[in-house]
Amino acid sequence: MSVRTTEGADPFGTARLRRGVLDAWGASPARFREDANAEEDLALGGYRDRLVVELAQNAADAAARAGVPGRFRLTLRPGTADSPAVLVAA
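The structure is reproduced here in structure tokens:
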């Protein structure tokens, strides 16, 4: 791949990509909100506030793929003076 850089050039096609994203957002405000939420989640620490929901969804997906009923159990083990509380998923 040969890339020539000149004043005002767009060697990576970012203008086309930007236009595609803006068109998609204009056609679907829900898509804009989804993308904005995804960016906010990344900025705030990814799954930080959805950990339990994500664990439950992963368990449900695995059970569905295996064709078996699924079960999901969470146990909160209280912390002590020497150690923090622990959330155990099984």
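Per this note's numbering, the very first residue in the sequence shown carries number 6; after that it's consecutive. Idealized CB from N, CA, C, for every residue including glycine. Because the structure is a prediction, the values reported are computed rather than measured.
Chain-order list of residues whose beta-carbon lies under 6 Å from that of residue i (same chain, five-residue window excluded)
i     : result
LEU92 : LEU81
ALA94 : LEU60, LEU79
Terminal residues of the beta strand (DSSP E) in which residue i lies
i     : result
ALA94 : 91-94
For residue i, the first and last residue of its enclosing alpha helix (DSSP H)
i     : result
ALA29 : 19-32
Proximity test, residue i beta-carbon vs the ligand ATP heavy atom, cut-off 7 Å
i     : result
ALA86 : You won't find the ligand ATP in this model; it holds no ligand whatsoever.
For residue j and residue i, believed in contact at Cβ under 8 Å, the rounded distance
i     : j     : result
ARG36 : ALA29 : 6 Å
Own chain, CB closer than 7 Å to residue i, minus 5 neighbours either side, in chain order
i     : result
ALA90 : LEU81, ARG82, PRO83, GLY84
Problem set entry | Ranges of the beta strand (DSSP E) found wholly within the region 57-87, counting only runs of at least 3 | 79-82
For this session: Assess, as a yes-or-no matter, whether the region 54-65 is touched by the region 73-90 under the definition of 3 or more beta carbon pairs within less than 8 Å.
Result: yes
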